[in-house]
């Protein structure tokens, strides 16, 4: 059974990797990862272990900001991928370049 799954998993991995290389802008993904790490660091620095209400507020904002950032980043990756799939100049026309 395991030997029969290996070709299937390999073809699935190659398909995902090829789609990733063709359609996803790595700068967008890298920017989203950096932004998410910065927000996570802010949330860690302002953790709820502090009794200061301002720090608790910042921790809550950082947590919700991180979740919103992940959602926006995922949406941006999907939009860029869809525009790249449409054709050569669709992405440039969408951003006005």
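Residue numbers (the working numbering): 1131 to 1227.
Note that beta-carbon positions come from the ideal geometry of N, C-alpha and C, so glycine has one too.
Note that the coordinates shown come from a computational prediction; the quantities given were computed from them, not determined experimentally.
Span separating the alpha-carbon of residue i from that of residue j
{"i": "residue 1213", "j": "residue 1157", "result": "15 Å"}
{"i": "residue 1211", "j": "residue 1167", "result": "23 Å"}
{"i": "residue 1172", "j": "residue 1204", "result": "21 Å"}
{"i": "residue 1162", "j": "residue 1194", "result": "15 Å"}
{"i": "residue 1164", "j": "residue 1207", "result": "15 Å"}
{"i": "residue 1184", "j": "residue 1215", "result": "46 Å"}
For residue i, the three-state DSSP class (helix, strand or coil)
{"i": "residue 1182", "result": "coil"}
Contact check, residue i vs residue j, beta carbons under 8 Å
{"i": "residue 1160", "j": "residue 1196", "result": "no"}
message = Taking 8 Å as the cut-off, does the segment 1138-1152 touch the segment 1183-1192 (at least 3 CB pairs, one atom from each stretch)?
response = no
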